[in-house]
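All residue numbers for the sequence shown refer to the numbering used here, where the first residue is 1020 and numbers rise by one.
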Amino acid sequence: DLILTPAAPTIAPSFEDKTDKLSDEYLIADNHLVLGNFSGLPSLTMPIGIKQGLPFGLQVMGRLFEEATVMRFALEIEKLTGLKNLMAPHEVTL
(Lines of atoms letter the chains of each structure in order from A and count residues from 1; the text may use other names and numbers.)
(Lines give C-alpha, C1' and ligand atoms only; values in the text may rest on other atoms or scores of the structure.)
Protein backbone atom coordinates (compact mmCIF):
# COMPACT_ATOMS: atom_id res chain seq x y z
CA ASP A 1 0.00 0.00 0.00
CA LEU A 2 1.15 3.53 -0.80
CA ILE A 3 0.03 7.05 0.07
CA LEU A 4 0.30 9.55 -2.80
CA THR A 5 0.13 13.31 -2.26
CA PRO A 6 1.09 16.35 -4.32
CA ALA A 7 4.65 17.45 -3.57
CA ALA A 8 3.38 21.04 -3.36
CA PRO A 9 -0.05 22.64 -3.71
CA THR A 10 1.04 24.71 -6.75
CA ILE A 11 3.81 24.82 -9.30
CA ALA A 12 6.93 26.71 -8.28
CA PRO A 13 7.05 30.44 -9.01
CA SER A 14 9.41 31.54 -11.75
CA PHE A 15 12.74 32.98 -10.65
CA GLU A 16 11.60 36.44 -11.76
CA ASP A 17 8.48 36.22 -9.55
CA LYS A 18 10.34 35.10 -6.43
CA THR A 19 10.00 37.40 -3.41
CA ASP A 20 10.50 36.94 0.32
CA LYS A 21 6.70 36.88 0.73
CA LEU A 22 6.43 34.05 -1.81
CA SER A 23 9.21 32.15 -0.03
CA ASP A 24 7.29 32.34 3.26
CA GLU A 25 4.05 31.23 1.58
CA TYR A 26 5.75 28.23 -0.04
CA LEU A 27 7.42 27.27 3.24
CA ILE A 28 4.02 27.17 4.93
CA ALA A 29 2.34 25.38 2.00
CA ASP A 30 5.04 22.71 1.82
CA ASN A 31 4.75 21.73 5.47
CA HIS A 32 2.66 18.68 4.55
CA LEU A 33 5.82 17.09 3.13
CA VAL A 34 7.21 16.64 6.63
CA LEU A 35 4.55 14.00 7.34
CA GLY A 36 6.66 11.40 5.60
CA ASN A 37 9.78 12.49 7.43
CA PHE A 38 8.33 12.73 10.93
CA SER A 39 6.26 9.57 10.62
CA GLY A 40 9.32 7.44 9.95
CA LEU A 41 7.64 6.02 6.86
CA PRO A 42 9.74 5.65 3.72
CA SER A 43 8.94 8.48 1.33
CA LEU A 44 10.27 10.25 -1.73
CA THR A 45 9.31 13.17 -3.90
CA MET A 46 9.61 13.01 -7.66
CA PRO A 47 8.70 15.10 -10.71
CA ILE A 48 5.65 13.85 -12.59
CA GLY A 49 4.98 16.63 -15.06
CA ILE A 50 5.84 20.03 -16.46
CA LYS A 51 3.52 23.04 -16.38
CA GLN A 52 4.48 26.47 -17.65
CA GLY A 53 8.03 25.17 -18.09
CA LEU A 54 8.36 24.17 -14.43
CA PRO A 55 8.23 20.69 -12.87
CA PHE A 56 5.55 19.65 -10.42
CA GLY A 57 5.87 16.63 -8.22
CA LEU A 58 4.39 13.72 -6.36
CA GLN A 59 5.18 12.52 -2.84
CA VAL A 60 5.10 8.74 -2.41
CA MET A 61 4.93 7.22 1.08
CA GLY A 62 4.96 3.52 1.91
CA ARG A 63 4.49 1.21 4.86
CA LEU A 64 7.16 0.97 7.52
CA PHE A 65 10.24 -0.87 6.17
CA GLU A 66 8.75 -1.02 2.64
CA GLU A 67 11.36 1.19 0.99
CA ALA A 68 11.65 -1.23 -1.93
CA THR A 69 7.93 -0.87 -2.70
CA VAL A 70 8.25 2.93 -2.76
CA MET A 71 11.26 2.75 -5.07
CA ARG A 72 9.63 0.22 -7.44
CA PHE A 73 6.56 2.45 -7.72
CA ALA A 74 8.74 5.50 -8.43
CA LEU A 75 10.56 3.62 -11.19
CA GLU A 76 7.24 2.69 -12.82
CA ILE A 77 6.06 6.32 -12.66
CA GLU A 78 9.33 7.43 -14.28
CA LYS A 79 8.71 4.98 -17.11
CA LEU A 80 5.13 6.20 -17.60
CA THR A 81 5.95 9.92 -17.53
CA GLY A 82 9.24 9.79 -19.39
CA LEU A 83 10.66 12.23 -16.84
CA LYS A 84 13.59 10.12 -15.69
CA ASN A 85 16.63 12.30 -14.96
CA LEU A 86 14.67 15.53 -15.43
CA MET A 87 17.01 18.47 -15.01
CA ALA A 88 16.54 22.22 -14.78
CA PRO A 89 17.65 24.32 -17.74
CA HIS A 90 21.38 24.97 -17.61
CA GLU A 91 21.16 28.59 -18.69
CA VAL A 92 20.09 30.58 -15.65
CA THR A 93 20.82 34.28 -15.35
CA LEU A 94 20.80 35.88 -11.94
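Just so you know, even glycine gets a beta-carbon here, dropped at the ideal spot from N, CA and C.
Quiz item: Considering only the beta carbon of each residue, do residue 1099 and residue 1030 sit closer than 8 Å?
Solution: no
Practice problem: Could you confirm whether any beta carbon from chain C is found closer than 8 Å to the beta carbon of residue 1080? | Solution: Note that chain C does not occur in the displayed structure, where there is just one protein chain.
Practice problem: For residue 1069, count neighbouring Cβ atoms within 10 angstroms of its own Cβ and tell me buried if that reaches 16, exposed if not. | Solution: Taking a 10 Å sphere around the C-beta of residue 1069, we find fewer than 16 other C-beta atoms and assign the residue as exposed.
Self-check item: Minimum C-alpha distance to residue 1028 - residue among 1085, 1078, 1088
Solution: 1078
Self-check item: Candidates 1071, 1097, 1064: closest to residue 1081 by CA position
Solution: 1064
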